[in-house]
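So the sequence shown is numbered by this note's numbering: it starts at 4 and just counts up by one.
Ideal Cβ placement from N, Cα and C applies to all residues, glycine included.
Note that the coordinates shown come from a computational prediction; the quantities given were computed from them, not determined experimentally.
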Amino acid sequence: MTDPKVTSEHLQREAYLYVRQSTLQQVIENTESTERQYALRHRARVLGWGEDQIVVVDDDQGLSGASVKGREGFQHLVAEVGLGRVGLVMGLEVSRLARNNADWHRLLEICALTDTLILDEDGLYDPGHFNDRLLLGLKGTMSEAELHILRARLQGGLLNKARRGELRIPLPVGLVYDGADKVILDPDQQVRGAVGCLFATFQRVGSACAVARHFRENGLLFPGRVPYGPRPGKMVWTPLTPQRAIRVLHNPRYAGAFVFGATKTRKNPVDGTRRTRKVPKNEWTVFLPESHEGYISWKRYEQNQHQLASNAAAHGTDRHHGPPRSGPALLQGIVLCGKCGGRMTVNYHTRGTTRAPTYICQREMIEHRPQAYHIVPGALVDEAIGRLLVEMVTPASLDVTMQVFDEIRKRREEVVQLHRARLERAHHEAELAQHRFLLVDPGNRLVAEDLERRWNDALRAVASIKEECARVASEQTSDLTAEETTRIRELAEDFPAVWSDPRTTPRERKRMVRLLIEDVTLLKADEIHLMVRFKGGATTKVRVPVPLPVWQVHRTPSAVLERIREMARTMTDSEIAEGLNAEGLRSGTRLPFSSRMLNRLRHQYGIPGPYEHMRKQGFLTTKEVAERRDVRPETVKRWQGAGLMKPHRYNDRGNVLYEDMGEDFPVKWAEQRGTEVRFVGGNVMDGPDGVQYDA
4 MTDPKVTSEH LQREAYLYVR QSTLQQVIEN TESTERQYAL RHRARVLGWG EDQIVVVDDD
64 QGLSGASVKG REGFQHLVAE VGLGRVGLVM GLEVSRLARN NADWHRLLEI CALTDTLILD
124 EDGLYDPGHF NDRLLLGLKG TMSEAELHIL RARLQGGLLN KARRGELRIP LPVGLVYDGA
184 DKVILDPDQQ VRGAVGCLFA TFQRVGSACA VARHFRENGL LFPGRVPYGP RPGKMVWTPL
244 TPQRAIRVLH NPRYAGAFVF GATKTRKNPV DGTRRTRKVP KNEWTVFLPE SHEGYISWKR
304 YEQNQHQLAS NAAAHGTDRH HGPPRSGPAL LQGIVLCGKC GGRMTVNYHT RGTTRAPTYI
364 CQREMIEHRP QAYHIVPGAL VDEAIGRLLV EMVTPASLDV TMQVFDEIRK RREEVVQLHR
424 ARLERAHHEA ELAQHRFLLV DPGNRLVAED LERRWNDALR AVASIKEECA RVASEQTSDL
484 TAEETTRIRE LAEDFPAVWS DPRTTPRERK RMVRLLIEDV TLLKADEIHL MVRFKGGATT
544 KVRVPVPLPV WQVHRTPSAV LERIREMART MTDSEIAEGL NAEGLRSGTR LPFSSRMLNR
604 LRHQYGIPGP YEHMRKQGFL TTKEVAERRD VRPETVKRWQ GAGLMKPHRY NDRGNVLYED
664 MGEDFPVKWA EQRGTEVRFV GGNVMDGPDG VQYDA
């Protein structure tokens, strides 16, 4: 033993040598460093360990020391130290064992508990001694700091180059570097045509799915490069998918902008996986617009992003609409909520003899808070959609229609040109395969057969593409004849009549709507805002006033109420109803007036009837007259029947009031009037009319 720190107890245990290089490139190129690490076995033998006691752990070659994740050799070493089987841990330097302070100090703690020594190129240390522990801790801190310094130095260089827009990063398909490392459009005309067709089609249809559908329906392929493998960077042509179209549309390089830091990668502390997420534009590290030539302008790129965001809000299973049904709601299945973007449902209520729709979104209520409905009355919305369609399908819009037809024909010509470019490329590849086959030695059959097979495959591809090109050319839209133009005008003139015909069922109207309209987004504020998206991708905005509440719609007009107030001074409810109906006036529900309706209206609006007016004028009830004359109420009624008192009816039940006649009222005793008294059946009768006076 040459060091007092090494005891016999240490020598009874094994000595572990940990060997590691950070990358596979270092393993291949930095062989001298590897030799120096393996040479530490000699130091262990000098300290007293035998050759059979030295265990070399080199399972972590090519792995970084920034974390223990994936380093099975280091984890095995720590486990053996914790079990007390290791007397010495060797490493060329601290950075070979760990470049993370947490991992390094955990190893020091375990070594101190198990009385395990640590050896590096500079010396031998006992973690149980304070001075050695302090020195090892400083070495670990410096090792971690060194890693951060190296990383910061590299990142600083990359960032500085990125700020100048000179950082060479992989380019998307359609863009390439020239000899001076400048970004230019791909010189391949077919590639440029396919990428340009994608952006032009999106500008026309406004949907990534519609772009992919256009490519699929016209048999067009989209280019791409093989990212890795035996032939990285090779150009391949595959069908365009909506996801691929979205990635292209989101890429700012196509707008000529250099962007660095548009994504950030975070490590999951649970499973250690890395996840990449996009960051907002205001958080991009470097943004240099118009840095190089692009396929679209930056303004068009921002418009595309806005359109994609709108499409994303209108996407989801809840946005899928079913077939038109028999209900009168025109927008059933295609109406969307302007608040949450979800599909709105339809409720019906009866209005008179008709069913009126109401569009309702309950998602906010279900997911956030109760009573948070988004309710839009559907009657005025459906009327606005009907007027919009009638205005669109008119002879006045035929000029625009013909222009659209010409535009479609031009697009078809572009598709034919793309197919011809594809056919030209196939011819070139077939000629190249033929040339290779003719150059091979006929006696070398193994090579000749493979080249012949490739030549035949190229010829079959040429034949297939030629047939497809001929098919597309045969489908080229021809110009409209005069007869076809006349027929279109007749259909445009007939549409308003068909739409307004009462024999047209709601299901048929909804089918007409779906032929022209993709969906309608509703937002109720001070007005009802309608965003109508047509099948071709065009949009238009319509504003509809918010309808009055039902109680206001059915409210009796103020002029009618004033007329009721005037007539109620002297007329009963039935008399008022007859008078109003005779004058042609109607209630708020457009129905004739009745006595019951008048009674309800008077109580609702506080309109006094004849009773109140007569009482204010001093009219008396039967009971009041009887009390004044000291007679029974029946006697007052007999006076009324004899014509001695004039009754005034104040309701439809026959109830009356009497004018205050003062001293002119009939008297109780006959002698007060000096008239002859007759007795009939025990009753005292006065005068020729036989009016009863109580005896």
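*Between ASP191, ASN350, GLY126 and ALA211, which lies nearest to ALA315 when the distance is taken from Cα to Cα?*
As a working note, residue 315 is residue 312 in the sequence shown. Checked all of ASP191, ASN350, GLY126 and ALA211; the closest Cα to ALA315 is ALA211.
*What's the call for SER11, buried or exposed, on a 16-neighbour Cβ count within 10 Å?*
Counting from 1 along the sequence shown, the entry for residue 11 is found at position 8. The residue is exposed, with fewer than 16 neighbouring Cβ atoms inside 10 Å.
_Measuring straight from C-alpha to C-alpha, what distance separates ASN33 and VAL89?_
Taking the sequence shown and counting its residues from 1, the one referred to as residue 33 is at position 30. Taking the sequence shown and counting its residues from 1, the one referred to as residue 89 is at position 86. In a straight line, the C-alpha of ASN33 is about 29 Å away from that of VAL89.
_beta strand (DSSP E) runs wholly inside the stretch 600-664, at least 3 long, in chain order_ = 650-652 and 659-661
*Quick one: Cα of PRO636 to Cα of GLU627, how far?*
As a first step, residue 636 is located in the sequence shown; it is residue number 633 there, counting from the start. As a first step, residue 627 is located in the sequence shown; it is residue number 624 there, counting from the start. If you take the alpha carbons of PRO636 and GLU627, they lie about 9 Å apart.
*Close beta carbons around LEU334, own chain, < 6 Å, minus the five adjacent residues each side*: As a first step, residue 334 must be located in the sequence shown, where it is residue number 331. Only VAL523 meet the Cβ criterion.
*Going by the beta-carbon positions, is the gap between LEU138 and LEU91 smaller than 9 Å?*
Here residue 138 refers to the residue found at position 135 when the sequence shown is read from its first residue. Here residue 91 refers to the residue found at position 88 when the sequence shown is read from its first residue. Not in contact: LEU138 and LEU91 (Cβ atoms no closer than 9 Å).
*Can you tell me whether DSSP reads ARG456 as helix, strand or coil?*
Counting from 1 along the sequence shown, the entry for residue 456 is found at position 453. In this structure, ARG456 counts as helix in the three-state DSSP scheme.
*In the DSSP assignment, find the unbroken alpha helix (DSSP H) run with VAL84 in it and report its ends.*
Counting from one through the sequence shown, the residue named residue 84 turns up at place 81. Residues 75-85.
*With DSSP as the reference, label CYS114 as helix, strand or coil.*
As a working mapping, residue 114 is identified with position 111 in the sequence shown. Three-state result, CYS114: helix.
*Is it right to say ALA183 is buried, meaning 16 or more other beta carbons lie within 10 angstroms of its own, or is it exposed?*
For the purposes of this step, residue 183 is identified with residue 180 of the sequence shown, where counting begins at 1. By the 10 Å Cβ count, ALA183 comes out exposed.
*Near ARG109, which residues of its chain fall below 8 Å by C-beta distance, leaving aside the five closest residues on each side in sequence?*
As a first step, residue 109 is located in the sequence shown; it is residue number 106 there, counting from the start. These residues qualify, in order along the chain: VAL81.
*Is DSSP giving TRP502 helix, strand or coil here?*
For the purposes of this step, residue 502 is taken as residue 499 along the sequence shown, with counting starting at 1. In this structure, TRP502 counts as helix in the three-state DSSP scheme.
*Which residues in the same chain as GLY644 place their Cβ atom closer than 7 Å to its Cβ, once the five residues preceding and following it in sequence are excluded?*
The residue you call residue 644 lines up with position 641 of the sequence shown. Taken in chain order, the list of residues that qualify is empty.
*Exposure of LEU604, with buried meaning 16 or more beta-carbon neighbours within 10 Å*: Within the sequence shown, the letter at position 601 stands for residue 604. Counting Cβ neighbours within 10 Å, LEU604 comes out buried, since at least 16 surround it.
*asked:* Between TYR21 and VAL84, how many whole angstroms is the CB-CB distance? I'm expecting something under 8 Å.
replied: Looking up residue 21 in the sequence shown gives position 18. Looking up residue 84 in the sequence shown gives position 81. Going by Cβ atoms, the distance from TYR21 to VAL84 rounds to 11 Å, so no, they are not a contact pair.
*Can you tell me which of the three DSSP states TRP515 falls into?*
The count along the sequence shown starts at 1 and reaches residue 515 at position 512. The sequence given here has Met at residue 515, not Trp. Three-state result, MET515: helix.
_Taking the alpha-carbon of GLU547 as reference, which of ARG512, GLU305, ASP385 and THR624 has the nearest alpha-carbon?_
Along the sequence shown, one-based indexing puts residue 547 at 544. What sits at residue 547 in the sequence shown is Val, not Glu. Comparing Cα positions, the closest option is ASP385.
*How long is the line joining the alpha carbons of VAL9 and PRO283, rounded to whole angstroms?*
The residue you call residue 9 lines up with position 6 of the sequence shown. The residue you call residue 283 lines up with position 280 of the sequence shown. VAL9 and PRO283 have their alpha carbons spaced roughly 59 Å apart.
_Just list the residues that DSSP pairs ASN350 with in beta bridges._
Within the sequence shown, the letter at position 347 stands for residue 350. ASN350 pairs with THR361.
_Could you compute how far the alpha carbon of TYR128 sits from the alpha carbon of LEU27?_
Residue mapping note: residue 128 aligns to position 125 of the sequence shown, counting from 1. Residue mapping note: residue 27 aligns to position 24 of the sequence shown, counting from 1. Distance between the alpha carbons of TYR128 and LEU27 is about 30 Å.
*Any idea if GLU674 is buried or exposed, counting beta-carbon neighbours within 10 angstroms, 16 or more meaning buried?*
By one-based count along the sequence shown, residue 674 stands at place 671. Low local confidence applies: a pLDDT of 30 at GLU674 is under 50, so the model's placement there is unreliable, and no value is given.
*asked:* Give me the DSSP bridge partner(s) of CYS340.
replied: Sequence index remark: in the sequence shown, residue 340 carries index 337 (1-based). Residue pairing by DSSP places CYS340 opposite LEU525 in a beta bridge.
*Sorry if obvious, but does the Cβ on ARG603 come closer than 8 Å to a heavy atom of the ligand FMN?*
Looking at this structure, you won't find the ligand FMN or any other ligand, since it has none at all.
_Could you tell me the alpha carbon to alpha carbon distance between ALA18 and ALA105, rounded to whole angstroms?_
The residue you call residue 18 lines up with position 15 of the sequence shown. The residue you call residue 105 lines up with position 102 of the sequence shown. Cα to Cα, ALA18 sits roughly 23 Å from ALA105.
*On the three-state DSSP scale, how would you describe MET534?*
If you number the sequence shown from 1, residue 534 lands on position 531. Correct three-state label for MET534: strand.
*To which residues does DSSP link HIS557 through a beta bridge?*
The count along the sequence shown starts at 1 and reaches residue 557 at position 554. For HIS557, which the question treats as bridged, DSSP gives no partner whatsoever.
*So, is MET145 buried or exposed, given that buried needs 16 or more other C-beta atoms within 10 angstroms?*
The residue given as residue 145 occupies position 142 in the sequence shown. Note on MET145: under 16 other CB atoms within 10 angstroms of its CB, so exposed under the neighbour-count rule.
*Going by beta carbon distance, what residues of the same chain come within less than 8 Å of PRO550, once the five residues before and after it are set aside?*
Position 547 of the sequence shown, counting from 1, holds the residue named residue 550. Correct list, in chain order: PRO380, ALA382, LEU383 and VAL556.
_Classify TYR304: buried if its beta carbon has 16 or more other beta carbons within 10 angstroms, exposed otherwise._
In the sequence shown, the residue the question calls residue 304 occupies position 301. Residue environment analysis places TYR304 among the buried positions, since at least 16 neighbouring C-beta atoms fall within 10 angstroms of its C-beta.
*In chain order, what residues of the same chain have a beta carbon less than 7 Å from the beta carbon of PRO611, not counting five sequence neighbours either side?*
Residue numbering aside, residue 611 sits at position 608 when the sequence shown is read from its first letter. When the five nearest sequence neighbours on each side are left out, the beta carbons in the same chain lying within less than 7 Å of the beta carbon of PRO611 are those of ALA571, in order along the chain.
*According to the Cβ coordinates, are HIS422 and ILE468 closer than 9 Å?*
As a first step, residue 422 must be located in the sequence shown, where it is residue number 419. As a first step, residue 468 must be located in the sequence shown, where it is residue number 465. For HIS422 and ILE468, yes; Cβs fall inside 9 Å.
_Residues near LYS544 by beta carbon distance below 8 Å, same chain, minus five either side_ = Within the sequence shown, the letter at position 541 stands for residue 544. Excluding sequence neighbours, LYS544 sits near HIS532, LEU533, MET534 and VAL535.
*Buried or exposed for LYS527, please, with buried defined as at least 16 other CB atoms from any protein chain shown within 10 angstroms of its CB.*
The count along the sequence shown starts at 1 and reaches residue 527 at position 524. The residue is buried, with at least 16 neighbouring Cβ atoms inside 10 Å.
*asked:* Alpha carbons only, please: which of TYR653, VAL186, PHE133 and SER70 is nearest the one belonging to THR573?
replied: Counting from one through the sequence shown, the residue named residue 573 turns up at place 570. Per the Cα distances, TYR653.
_Own chain partners of ILE337 with C-beta closer than 8 Å, once the 5 adjacent residues on each side are dropped_ = On the sequence shown, position 334 is the one that residue 337 refers to. These residues qualify, in order along the chain: HIS324, VAL516, ARG517, ILE520, GLU521, ASP522 and VAL523.
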